[in-house]
Every structure is written in structure tokens, then in C-alpha cells.
Amino acid sequence: MTEKTALVTGCSSGIGRATAEAFREEEWTVYATARDGDDLSALAEVGCETAALDVTDDEAVTAVVDRVVDDSDRIDCLVNNAGYGQFGPVEDVPTERVRDQFDTNVYGPHRLARAVLPHMRDRGRGTIVNVSSAAGRFATPAKGVYAGSKFALEAMTDALRAEIADYGVDIVVVAPGPVNTEFEDRAADELAGLDRSGAYETFYDLDRRRRGFVRPVRTLPRRAGRQPRRVRPLSAGRRP
Ligand SMILES: NC(=O)c1ccc[n+]([C@@H]2O[C@H](COP(=O)([O-])OP(=O)(O)OC[C@H]3O[C@@H](n4cnc5c(N)ncnc54)[C@H](OP(=O)(O)O)[C@@H]3O)[C@@H](O)[C@H]2O)c1
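So the sequence shown is residues 0 to 239, counted in numbering that gives the first Met the number 0.
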């Protein structure tokens, strides 16, 4: 097999799904992964290989990377895209949820990087793309936990870049601003599940009004037969 091979996490929707499609359009062999394999049927139809992968699961990470290397004998690019936003004022977020946030957004990419790097170093080539966020550059109220995870991701990325440079392997950060994906809905769900102290209502309100400043991302429907989510307009009427 001569096609270059990419492994992408978090392909059930949004940026991960669009990334898998883009690699496929460039005729890469693409391993598109998501927690629920049923969410990948549309990507399978356009020629992606698919696999269920929860990035918090050590054994699943090892199994998927082994499969890619066994099938393709190479792994040219890993895109650590899977992630979500645990929003909420820092005091209102239980430590367990902070741990969950880091398990997905920081330890997940770390697990994947550790699994692919031996193969990339052996071949003397490869690129890891870590999807961070503008929130990985500056932290704002009600986003401290999410920002903390992305700051951590970027710090480890910077250190790792220097460590692997002599092996011909590179690691880069992508730091998107707002993009209209399922991210905001998941973040709203996480926020709704918090036990509010009552001390920070201003910041909850700010977060609610902030929603809507988002740009569309073009993707296939989430599942075969399911319509893509309607793009929210950048309407002046939604401004706070
Ligand atoms: N949208 C934005 O405005 C924005 C801005 C800056 C950065 N980002 C970053 O971009 C990345 C992609 O987000 P998105 O905007 O495309 O949101 P999205 O549509 O919600 O997609 C997030 C993806 O991550 C997956 N995921 C979550 N937890 C996972 C886990 N434990 N294991 C495997 N997959 C998991 C989700 O899968 P499930 O379907 O299984 O939940 C989904 O496929 C994230 O890292 C996010 O922090 C997004």
C-alpha cells in the first residue's frame, strides 16, 4: 500500500469528520475513529476505514494503532482532534469533571502520541496534529477548566516538538476560533449538569450570550440519512 495513512480521532461530527473527509479527498488512507462506530457510516461510504475508539481507553488506543500499522505498514499523520468543553466557573466544576476533561483533551492525545511515536521514529517521518483552541492561548471566565486542558496540551506539544525533531517527526498545534459543530451543544450539556454555587451567575449568563459567534464547518451528515445540523447565522441580533 503506497497511499499515505492518517489516523483521526473524534470523527463522529465537526472538525474531525471534516478532517477525515479532506484527507480522503486527497486520496490518503484514512482511519476515522469515534466512540460509537455507528456514527462513522457516512465516512465509510466515502472510503474511510473506521474503528470505534474512546481516547480515554488505553487498550483501545493500542489496538487501533496496532491495526493501522498492521494493515498499512505506516502511519504518516495522527490528528488528535477528539475533545469537548467542560465549561463553567472553576469553583462550580467538581474535580471529577476536571479529571474527565483532562482525560479526553490531554491524556487522550498523550496516549495516542505514545502509541504512534515508536512507529513514526522507526520510519523517520510522521506528523502529529493536536487540535487545541484559541482557549489554549488565553483563559476567560467560565472556561477555565477547558482552557486549562488546552494550555496543557499546547505545553506538552511544544516540549515534544523539540524531543522528536531529530527523528524526522513533527508535531503541530491547530488552534481554531469558534466553529459551528456539535461542540457548543455538548458544552451546554456539561454546563447544565453543574451544581451551581450561585456565586457566578453573571458568568453563566455571559456564556449563554456568547453562543452564536460561530462559523460553519462543511461535513457529511452525522449518520446516513440524517440531515446536517443547520448552520447558525452570524446575525447581529444574537450579539450580547
Ligand atoms: N467548535 C469549536 O468552536 C472549537 C473551537 C476550538 C477548538 N475546538 C476543538 O476542536 C476539536 C473538535 O471539536 P468539534 O468542534 O468538532 O466538536 P464536536 O462536533 O463536538 O466533535 C467532537 C468530537 O470529539 C469526540 N469525542 C469526545 N470525547 C471523546 C472521547 N473520549 N473519545 C473519542 N472521541 C471523543 C466526539 O465524539 P462523540 O460523538 O462520541 O461525543 C466528537 O466526534 C475539539 O478538540 C475541540 O476542543 C473546537
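Positions of the beta carbon are idealized from the N, C-alpha and C atoms, including for glycine.
Quick check: the Cα distance between residue i and residue j, rounded to an integer number of angstroms?
{"i": "D75", "j": "N179", "result": "28 Å"}
{"i": "R34", "j": "V64", "result": "15 Å"}
{"i": "V97", "j": "A59", "result": "22 Å"}
{"i": "G13", "j": "E181", "result": "6 Å"}
{"i": "A141", "j": "P88", "result": "4 Å"}
{"i": "A81", "j": "A198", "result": "32 Å"}
Quick one: what does DSSP say residue i is sitting in, helix, strand or coil?
{"i": "N104", "result": "helix"}
{"i": "G211", "result": "Note that G211 has pLDDT 49, beneath the 50 cutoff, so the model's placement of it is unreliable and the number below is only indicative. It is coil, neither helix nor strand."}
{"i": "I163", "result": "helix"}
{"i": "M0", "result": "Reliability fails at M0, whose pLDDT of 48 lies under 50, so the model's placement of it is uncertain and no value is given."}
{"i": "D169", "result": "strand"}
{"i": "V68", "result": "helix"}
{"i": "T156", "result": "helix"}
{"i": "V178", "result": "strand"}
{"i": "F150", "result": "helix"}
{"i": "P117", "result": "helix"}
{"i": "R124", "result": "coil"}
{"i": "P203", "result": "Note that residue 203 corresponds to Tyr in the displayed sequence, not to Pro. Helix."}
Which residues does DSSP pair with residue i in a beta bridge?
{"i": "N79", "result": "N129"}
{"i": "E95", "result": "Answer by DSSP bridge pairing: none, since E95 is not bridged."}
{"i": "R55", "result": "Checking the sequence shown, residue 55 turns out to be Thr, not Arg. The partner list for T55 (beta bridge, DSSP) is empty, contrary to what the question assumes."}
{"i": "L6", "result": "Y30, L77"}
{"i": "A50", "result": "T32"}
Would you mind reading off the limits of the alpha helix (DSSP H) that contains residue i?
{"i": "R195", "result": "Taken as a continuous stretch (DSSP letters only), R195 belongs to no alpha helix (DSSP H), as it is neither H nor E."}
{"i": "F86", "result": "Here F86 belongs to no alpha helix (DSSP H), and DSSP marks it neither H nor E."}
{"i": "S40", "result": "40-44"}
{"i": "A138", "result": "It is not in any alpha helix (DSSP H) - A138 carries neither H nor E in the DSSP assignment."}
Using the beta-carbon count (16 or more within 10 Å), is residue i buried or exposed?
{"i": "F101", "result": "buried"}
{"i": "R113", "result": "exposed"}
{"i": "F150", "result": "buried"}
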